[in-house]
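Take a look at the structure set out below.
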C-alpha cells in the first residue's frame, strides 16, 4: 500500500498540471479549427468536438498522459490491484481507493475563490485541478473497470461541478468590470470544451454561463448609462459645425440624427 499511497499523492500533485495541459491543447484545437474554417468556409458549421472536427484534427493527436511534459504511470496501481485480487480483498481495496479519491477531491476544492485576482489565477487553478482530477478518474475507469465504475466517476464529477459553480456564484457579485467578466466566460467555455472531449456533462456550467451573461449585460448597461450621463453633463448644447462631407457622414454613423433634407441641400 505504501507504493500506492505514494502514487496517489503524486497523482494529486500533478492534477493541476495535467488540467493546465488539457486546457492548453483544447485552445490549440480551437485555433486549428478556426484556421481550417477560414480556408474552407463549410467547416464553420462544425463545432469543437464534433465528428468532423475530430476527424480533421486526428493527425494532431496528443496523449495527455504520456508526452514530453508529463508522464502518468499507472503501474503502481496495477500492481496493488493484482495483489489484492490474489488475496481475495478486491472489495476492500475498491472501498479504500474510492475513499481516498473522495478525500483528494475535497482537498482540491477551496472554501472560497477570488475572481478579481490578476489574470484570473484563482479560477484557472480551480478549473485546472478539477480537469486533471476528472481526467485521471476517467482514464482509471477505462483501464480498470472493476475498480472505478461510471457511477463512481460521475458522482465525483457532479459533486465537483456543483461546488465549483457555487463558489463562482458567491464570487460573481464582486466582479464589476465587463472585460474581466468576458475573460471569466472565455475560460469557463474553454474548460467546458475540454471536459466535453472526455465525455463529461457540462450542463451545470452551461446554466451558470446564462447567469454570467445577465451580469455582463447589467454591467454594460451601467457603463453605458454612466457614459451617457457624462456626455450630457459636459455638453454645452452649441450647434455642431460640419466642415466637409466626411465629417457629416461620421455624425450620421454615430448618432440617431435623421436629416430632414437631402444631403445636397445641406452641404
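Numbering (our numbering), first residue to last: 26 to 292. Idealized CB from N, CA, C, for every residue including glycine.
Are the beta-carbon atoms belonging to residue i and residue j less than 8 Å from one another?
i           : j           : result
residue 203 : residue 248 : yes
residue 185 : residue 275 : no
residue 213 : residue 234 : yes
residue 168 : residue 87  : no
residue 10  : residue 228 : Any property of residue 10 remains undetermined from this structure, which presents the chain solely from 26 to 292.
residue 179 : residue 244 : no
residue 78  : residue 48  : no
residue 53  : residue 61  : no
Grouping DSSP H, G and I as helix and E and B as strand, with all else coil, what is residue i?
i           : result
residue 41  : helix
residue 11  : Outside the shown range of the chain (26 to 292) lies residue 11, about which nothing can therefore be said.
residue 187 : helix
residue 258 : helix
residue 218 : helix
residue 129 : helix
Grab the span of the alpha helix (DSSP H) containing residue i for me, first residue to last.
i           : result
residue 174 : Residue 174 -> no alpha helix (DSSP H), and no H or E assigned at all.
residue 166 : 146-168
residue 108 : 100-111
residue 278 : 270-279
residue 266 : Premise fails: residue 266 is in no alpha helix (DSSP H) and is neither H nor E.
For my contact list, residue i and residue j are in at a C-beta cut-off of 8 Å; report their separation, rounded to the angstrom.
i           : j           : result
residue 40  : residue 161 : 7 Å
residue 222 : residue 65  : About 22 Å separates the two Cβ atoms, so there is no contact after all.
residue 145 : residue 210 : In fact, because the Cβ distance is near 11 Å, the residues do not count as touching under 8 Å.
Please name the residue, chosen from the options, that lies closest to residue i on a Cα-to-Cα basis.
i           : options            : result
residue 134 : 156, 143, 239      : 156
residue 128 : 261, 232, 267, 33  : 33
residue 172 : 199, 103, 201, 112 : 103
residue 232 : 269, 193, 258      : 193
residue 105 : 175, 224, 121      : 121
residue 206 : 165, 139, 250      : 139
residue 225 : 256, 175, 271, 264 : 175
residue 148 : 126, 101, 196      : 196
residue 151 : 188, 263, 240, 183 : 188
Using 8 Å as the limit for Cβ to Cβ distance, is residue i near chain D?
i           : result
residue 154 : The structure shown has no chain D; it contains just one protein chain.
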